[in-house]
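741 is the number of the first residue of the sequence shown in the numbering used here; add one for each residue after it. Everything below concerns the one structure shown next.
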Amino acid sequence: MRKLVRLSVAASAAALLLLTGCGGDSDSSGGGTGKHKGGSHGQDSDGDGGTGGSGSGGASSAPGSADGAWHATVEGTSLFLTITGNQAATIGKGSCAGTYQAQTLSLKCADGSTDRTSGKAELSGDGDSLTVSWEASGEETFRRVDPGTLPQELPTDLPTELPSDLPTGDVTTQ
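Structure, rendered in structure tokens:
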């Protein structure tokens, strides 16, 4: 039970991180490419942007780090991924939370979905895109986003309550 509550809290914290604008900085605010089965491209940089120098305030992520907020458009729906240290969460198309270690995402989803529970992540050379090869659902490419600049298409399927199959009883006595 405690583990499920921690997962729910982690997913909620990730949503809060995205909505409040706390997190890494970036010069890119485009969408992702979605699955490589014909997913739509978001706004891409044309290469004339800045050097991606240091940010001001808040936590910043190094160009070679996957830490930060990421966005992809998958089958017309926004999918957000946040990575902070060794913790990760997705929001949109289901909410999942778990760990990020050695370029591997290991997540558990609140709705029991397994589409995005295990995947290998590869950061682009410039640090602006992150391609995740999910074991169950294929490859998706995310673009780094500035958490203070939210995309217009916010997720609408955020959880509103805990799963109904949680055990009942007093968890303080063992």
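Where a beta carbon is used, it is the ideal one built from N, C-alpha and C, also for glycine.
Hey, Glu-859 and Val-872: beta-carbon distance below 8 Å or not?
Contrary to the premise, residue 859 reads as Gly rather than Glu in this sequence. In this structure, Val-872 lies closer than 8 Å to Gly-859 by Cβ.
CA-CA distance, Gly-832 and Val-885?
15 Å
If we ignore side chains and look at the alpha-carbon of each, how far apart do Val-842 and Ala-861 end up?
Checking the sequence shown, residue 842 turns out to be Ala, not Val. Between Ala-842 and Ala-861, the C-alpha separation is close to 9 Å.
Using a Cβ-Cβ cut-off of 8 Å (strictly less than) and excluding sequence neighbours within five positions of Thr-854, which residues of its own chain qualify?
Ala-876
Beta strand (DSSP E) containing Gln-841: first to last residue?
836-841
Candidates Gly-808, Thr-813, Pro-887: which alpha carbon is nearest Asn-826's?
Gly-808
What did DSSP end up calling Lys-833 once you bin it into helix, strand or coil?
coil
For Gly-816, tell me which candidate among Glu-901, Glu-880, Gly-888, Thr-900 has the shortest Cα-Cα distance.
The shortest Cα separation from Gly-816 among Glu-901, Glu-880, Gly-888, Thr-900 belongs to Glu-880.
Could you work out which residue in Glu-901, Ala-812, Thr-900, Arg-856 is closest to Trp-874 when comparing CA atoms only?
Among Glu-901, Ala-812, Thr-900, Arg-856, the Cα nearest to that of Trp-874 is on Arg-856.
For the beta strand (DSSP E) that contains Thr-881, what are its first and last residues?
878-885
Could you tell me if Thr-822 is buried or exposed, where buried requires 16 or more neighbouring beta carbons within 10 angstroms of its beta carbon?
buried
Can you grab the Cα-Cα spacing for the pair Asp-866 / Pro-887, in whole Å?
Each residue's CA atom was taken as its position, placing Asp-866 and Pro-887 some 19 Å apart.
Could you tell me the alpha carbon to alpha carbon distance between Thr-900 and Ser-818, rounded to whole angstroms?
Going by the C-alpha atoms only, they are around 18 Å apart.
Check the DSSP bridge columns for Ser-818 and list the partner residues they point to.
Thr-813
Starting from Glu-862, follow the beta strand (DSSP E) in both directions and report where the run begins and ends.
858-863
Could you tell me the alpha carbon to alpha carbon distance between Gly-804 and Trp-810, rounded to whole angstroms?
14 Å
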